[in-house]
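In full-length UniProt numbering, the protein residues as written are 1 to 442.
Glycine residues also receive a C-beta, built at the ideal position from the N, C-alpha and C atoms.
Just below is one structure, and these are the notes that go with it.
This is the structure:
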């Protein structure tokens, strides 16, 4: 089975003229002679990516997310530095088992354009693969709704907007903007991911530099101290917290490791790009997680780690850059879902696992993006519009039902005080953190 898949991929690459990420930039002489309004923003030709611009960037964007920025201090405060490093390593190990299984299937049997769905179908059959694939697509849609609504509520809190319609409007604008990037072509998605990854790198560097350049004793940031590191080494759980509750809060930090597999249809050599890029992203993230855990345990008091979820923002040299990385990670994770889910849905439809969804298997132009190719091929879409429609519906329902999107809800006295003093019921997690940062800003 592996040979036909590889032969088919080779034939596709031979018969189709493909480009790399910066092909148009290399052709700068020809394109510079055209006026700016005639430059094509929508990319309909196939664009294939490699290990670092395709797989590594996508995985890092999805792994390096909100949990790292908001919950690492909570992790260290409860488990201590030593057990915290063990917990992080255990989370990465669980994710690594799934990654190695996927790599084994990818190398032995090949991987189709459906990414995770294709691999599950090869191993367990089309019916099981289709069921899991649909659940995965729906999960990506719901997660996207949570990310977008949390982002919008946080920004609304910072701007002093109390109306729910302001949150809904902001969510719709963000969703349409991300949809527009997806419709413009995978080339623009990867280019934006490279930019977002650079912002996340700057945010991380800002945090590391901040540990050496200033202090904030009033908020529990007292600087490097051997005695402080020693006192923060062992666990000290707050009421209601155990190792497993902390593990449950931090585990979502590693759930984006499979994002690179969904890039399979846009890679030059999937059987090589996916293993190298994914493993590099996993081990890089693991190292950065350990750095965050060690540094916070060496410079912050236990009380601050327990009750201040934005302690890392106070440690950062420029708090704005840290918050920017926090927001960017939310949008990047949502954008990854908007990219991968339509392609999985398209692959399920093409194999007619569910006959009623066969119309979603159509693609457009040479790149065969999941767009409707009839009548108005470049303005209407099926997969790429149906998928964002679900986050929009879930986001709207969450507002009406009073459900609040949240990364996780660790119980703490400080958070409970905030909830009771708010007078409006439970506030969303991201909004609480943003409000705290805004109130503490000079």
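| query | result |
| --- | --- |
| Between the stretch 127-141 and the stretch 346-358, do three or more beta carbon pairs fall short of 8 Å? | yes |
| Would you call the CB atoms of residue 75 and residue 293 closer than 8 Å? | yes |
| Taking DSSP as the reference, what is the three-state secondary structure of residue 171? | helix |
| Just curious, the alpha helix (DSSP H) that residue 195 is in, first and last residue? | 186-213 |
| Exposed or buried, what is residue 278 when buried is set at 16 or more other beta-carbons lying within 10 Å of its beta-carbon? | buried |
| Can you tell me whether residue 248 is buried or exposed, with buried defined as 16 or more other CB within 10 angstroms of its CB? | exposed |
| Measuring only the C-alpha atoms, how far is residue 299 from residue 159? | 32 Å |
| Assuming residue 333 contacts residue 62 (C-beta within less than 8 Å), just tell me the rounded distance between them. | 6 Å |
| If you reduce the DSSP assignment to three classes, tell me which class residue 216 lands in. | strand |
| Tell me whether residue 267 sits in a helix, a strand or coil according to DSSP, three-state version. | strand |
| Taking contact to mean 3 or more Cβ pairs, one atom from each stretch, closer than 8 Å, check whether the stretch 308-317 and the stretch 208-216 are in contact. | yes |
| For residue 118, count the other beta carbons within 10 Å of its own beta carbon; 16 or more makes it buried, fewer makes it exposed. Which is it? | buried |
| May I have the straight-line CA-CA distance separating residue 395 from residue 228, to the nearest angstrom? | Confidence in residue 395 is poor, its pLDDT being 46 and thus under 50, which makes the residue's placement too unreliable to answer from. |
| Out of 162, 282, 251, which has the shortest C-alpha to C-alpha gap to residue 72? | 251 |
| Which stretch, first to last residue, makes up the alpha helix (DSSP H) that contains residue 237? | Where residue 237 is concerned, there is no enclosing alpha helix (DSSP H), given that its DSSP letter is neither H nor E. |
| For residue 339, does the count of other Cβ atoms within 10 angstroms reach 16, so buried, or fall short, so exposed? | buried |
| Answer with buried or exposed for residue 443, where buried requires no fewer than 16 other C-beta atoms within 10 angstroms of its C-beta. | Here the chain comprises residues numbered 1 to 442, so residue 443 is not present and cannot be evaluated. |
| Mind the definition here: the stretch 321-336 touches the stretch 233-248 only if three or more C-beta pairs lie below 8 Å; say whether that holds. | no |
| Please classify residue 355 as buried or exposed, where buried requires at least 16 neighbouring CB atoms within 10 angstroms. | exposed |
| Tell me the rounded alpha-carbon separation between residue 172 and residue 194. | 24 Å |
| Indicate whether the contact test is met: 3 or more Cβ pairs, each with one atom in the stretch 78-91 and one in the stretch 260-276, closer than 8 Å. | no |
| Rounding to the nearest angstrom, what Cα-Cα distance links residue 53 and residue 304 in this structure? | 38 Å |
| Closer than 7 Å: is that where the CB of residue 140 sits relative to any heavy atom of the ligand ADP? | Although the ligand ADP was asked about, the structure shown includes no ligands whatsoever. |
| Quick one, which of 89, 255, 263, 307 has its alpha-carbon nearest residue 344's? | 263 |
| What did DSSP end up calling residue 64 once you bin it into helix, strand or coil? | coil |
| Note down the Cα distance separating residue 25 from residue 190, rounded to an integer number of angstroms. | The pLDDT assigned to residue 25 is 48, lower than 50, so where the model puts this residue is not dependable; a value taken from the coordinates is nonetheless given after this. Roughly 15 Å between the two C-alpha positions. |
| What residues in its chain sit with their C-beta under 6 Å from that of residue 121, if we drop five residues either side in the sequence? | 129 |
| Just how far apart, CA to CA, sit residue 204 and residue 198? | 10 Å |
| Buried or exposed: residue 261, going by 16 or more other Cβ atoms within 10 Å of its Cβ? | buried |
| Please state the DSSP three-state secondary structure of residue 47. | strand |
| Leaving out five residues before and five after residue 60 in sequence, what residues of the same chain have Cβ atoms less than 8 Å from its Cβ? | 197, 200, 281, 284, 285 |
| Assuming residue 337 contacts residue 143 under a Cβ cut-off of 8 Å, what Cβ separation, rounded to an integer in Å, is found between them? | 6 Å |
| With 16 other CB atoms within 10 Å as the buried threshold, where does residue 108 fall? | exposed |
| Express the C-alpha separation of residue 85 and residue 116 in angstroms, rounding to a whole number. | 29 Å |
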